[in-house]
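Some notes on the structure that comes next.
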Amino acid sequence: METFILVFKVLGFGDLCLYPASFEYYAPASLDEAIDLLNKHREEARVLAGGHSLIPMMKLRVLRPAYVIDLNRVKGLKYIEEKGGEIRIGALTTYYDVITSDIVKRRVPILAECASVVADPQVRNWGTIGGSLSHCDPSGDMGSSILALRAKMVAKGSSGERVIESDDWFVGSFQSALKTGEILREIVIPTPKPGSGGAYLKLERKAGDYAIAAVGVQVTLDGSGSCTYAGIGLTAVGPTNLRAKKAEQALVGRKVDDRVIEEAARAATEDCRPTDDPLRGSAEYKRAMVGVLTKRALNKALADAKRSR
Amino acid sequence: MLVNPRRITLRVNGLNHMVTVEPRESLLDVLRKQLGLTGAKKGCDMGSCGACTVMVDGKSRLSCLTLAVSVEGMDIVTVEGLSRGELDPLQEAFVRNDALQCGFCTPGQVMSAKFLLDIIPKPSVEEVKYYMSGNICRCGAYPKIIRAVLDAAGEVKRNG
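Here the protein sequences come in this chain order: A and B.
Counting the first sequence from 1 gives a position; the working numbering is that position plus 7.
Counting the second sequence from 1 gives a position; the working numbering is that position plus 335.
The structure is reproduced here in structure tokens:
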């Protein structure tokens with residue numbers, strides 16, 4: 008977001024008053040109604056959830072939707088439940104709900120840790136997990152945890168629902184796998200097995216800022232201490248949230264000791280694809296920080312995994 | 336000329352107000368310009384500074400990033416709603432501890448502190464810092480703001 012503000016100021020538009028362009032507003036009562044409206048207005052419409060990303064972009068006139076479809080009157084999109092080896096989270100569930108959920112704390116603490124470092128309390132009170140994932144900001148924190156957990160996204164459109172793997176979700180900067188006319192309805196996370204642990208570590212310039220770099224790690228150890236699952240997601244070091252596949256490969260099937268952790272951290276620095284950021288550090292710095300954060304997050308996640316075995 | 340005007344009812348500080356707004360108008364602008372409630376301040380108008388913080392349905396929220404039309408029927412409380420004749424104990428603690436210089440950020444600080452004490456009545460220093468992190472004070476009155484919040488919670492002595 009701040010990149011947009013910077014571009015705006017550089018172009019000399021800094022003094023524009025902060026009003027969005029005019030639009031027509033809808034607050035449908037059901038998801039089907041919202042999807043109908045979205046299919047009627049297509050590219051001219053935008054879906055509003057928490058609004059903490061959409062409204063600033065509209066104020067800066069980066070986006071000028073003619074129609075805004077507010078999902079907040081739609082019932083039944085705000086829940087966290089565990090059933091049949093899966094944790095299901097409704098798209099309108101807020102960061103606050105995620106942080107305070109017993110299911111999340113018990114089963115996927117990485118998600119609570121991640122949600123607790125997003126922006127500031129006011130944003131966490133109202134910002135939604137579905138909004139964040141649909142927005143697809145490469146600096147978004149949630150995306151990396153979703154990649155580390157290999158969650159699935161359930162999208163609903165006029166012709167029904169489809170399930171999208173997290174690996175296929177992050178198409179490009181600010182571009183999710185949602186097609187025009189589709190709305191993200193639910194996030195499905197496979198419940199981690201006993202012996203699992205997770206951590207999300209974020210390096211930021213100041214409280215509430217976007218990450219310089221951040222790393223989400225989810226691991227599972229078997230009875231002998233061998234790693235049977237490793238998921239690593241990277242924030243703000245590529246065109247999208249990235250999965251650190253080489254780093255994951257360095258862990259799976261091995262007994263994880265300090266040497267293996269070093270190897271995985273080094274691999275993560277090769278997995279990431281940072282570019283120089285005028286606000287948050289050079290590519291070289293970001294790459295180095297990915298190594299440091301991966302190592303720290305792995306140590307934390309592994310300690311949790313050993314405790315819960 | 337209003338574009339796509341809507342007549343909505345906003346429930347603010349316990350009273351219902353009928354207002355005509357454009358969908359693009361922020362809750363902050365409607366509170367300040369139409370209802371004359373100028374407690375919530377317009378600092379950055381982009382969700383960075385926290386000066387516009389109000390409570391919506393019991394949770395602190397940035398009114399500059401909230402469309403007024405989207406909170407119709409919700410329970411909105413501004414800093415004006417905290418004091419009924421006399422100051423809220425939280426406001427008194429800000430006064431007692433001299434927790435401001437220019438005062439521009441104070442209504443937002445107070446609303447964030449209100450939310451914190453609602454969910455954690457006896458916070459630690461670290462919790463105060465964490466839950467107040469969405470409010471910038473450019474005068475740098477942070478040490479006294481933290482002290483005021485702890486004071487309001489009756490935690491000053493324990494936390495030094």
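Each residue gets a CB set at the ideal place from its N, CA and C atoms; glycine is no exception.
Given the structure is predicted, the values throughout are model-derived calculations rather than measurements.
Annotation: residue 39 of chain A to residue 124 of chain A spans about 33 Å, alpha carbon to alpha carbon. For residue 293 of chain A, the CB contacts under 6 Å within the same chain, skipping 5 residues up- and downstream, are 220, 244 and 281 in chain order. Taking the Cα positions, residue 66 of chain A is about 17 Å away from residue 356 of chain B.
Per DSSP, the continuous alpha helix (DSSP H) segment holding residue 453 of chain B begins and ends at 441-454. Residue burial is scored here from C-beta neighbours: residue 37 of chain A has fewer than 16 other C-beta atoms within 10 angstroms and is therefore classed as exposed. The shortest CA-to-CA distance from residue 116 of chain A to any of A:126, A:56, A:102 and A:127 is the one to A:102.
The three-state reading of DSSP puts residue 411 of chain B in strand, counting E and B together.
For residue 256 of chain A, the secondary structure class from DSSP, reduced to helix, strand or coil, is helix. Unbroken beta strand (DSSP E) stretches of 3 residues or longer found wholly inside the stretch 170-243 of chain A: 177-179, 190-197, 203-211, 218-228 and 234-242, given in chain order. Taking C-alpha positions only, residue 260 of chain A is separated from residue 227 of chain A by approximately 11 Å. Residue 266 of chain A has its alpha-carbon roughly 45 Å from the corresponding atom of residue 472 of chain B. Linking residue 49 of chain A to residue 185 of chain A through their CA atoms gives a straight-line distance of about 12 Å. A straight line joining the alpha-carbon of residue 361 of chain B with that of residue 402 of chain B spans about 4 Å. Close to residue 103 of chain A, with beta-carbon spacing below 8 Å, are these residues of chain B in chain order: 394. For residue 401 of chain B, the closest Cβ of chain A is nearer than 8 Å.
Taking a contact as a CB-CB distance under 8 Å, the pair residue 174 of chain A and residue 60 of chain A does not count as one, their CB atoms being some 23 Å apart. For residue 276 of chain A, the enclosing alpha helix (DSSP H) has its first and last residue at 265-278. Using a Cβ-Cβ cut-off of 7 Å, residue 214 of chain A is close to 468 of chain B, given in chain order. The C-beta of residue 58 of chain A comes closer than 8 Å to at least one C-beta of chain B. Contacts with chain B at 8 Å (Cβ-Cβ) do not include residue 199 of chain A. Residues of chain A whose Cβ lies closer than 7 Å to the Cβ of residue 357 of chain B are, in chain order, 29. A direct Cα-to-Cα measurement between residue 203 of chain A and residue 390 of chain B gives close to 38 Å. For the 8 Å CB-CB criterion, residue 256 of chain A and residue 156 of chain A do not form a contact. Residue 97 of chain A is classed as buried because its beta carbon has at least 16 other beta carbons within 10 Å across all chains shown. In the DSSP assignment, residue 107 of chain A falls outside any beta strand (DSSP E) and within the unbroken alpha helix (DSSP H) covering 102-107.
Under the Cβ criterion (8 Å, minimum of three pairs), the stretch 443-454 of chain B counts as touching the stretch 416-432 of chain B. For residue 209 of chain A, the nearest beta carbon of chain B is not closer than 8 Å to its own beta carbon. Residue contact check for residue 62 of chain A against chain B: a CB pair falls below 8 Å.
At least one CB atom of chain A sits nearer than 8 Å to the CB of residue 405 of chain B.
Residue 441 of chain B and residue 396 of chain B have their C-alpha atoms spaced approximately 15 Å apart. In the DSSP assignment, residue 351 of chain B is bridged to B:346.
Counted as a single uninterrupted DSSP element, the alpha helix (DSSP H) harbouring residue 305 of chain A occupies residues 290-314. For the 8 Å CB-CB criterion, residue 279 of chain A and residue 299 of chain A do not form a contact. With fewer than 16 other Cβ atoms from the protein chains shown falling within 10 Å of its own Cβ, residue 182 of chain A counts as exposed.
Spanning the alpha carbons of residue 133 of chain A and residue 419 of chain B requires a straight line of approximately 28 Å. Counting only Cβ-Cβ distances below 8 Å, residue 132 of chain A has contacts in chain B at 394, 395, 396 and 450, in chain order.
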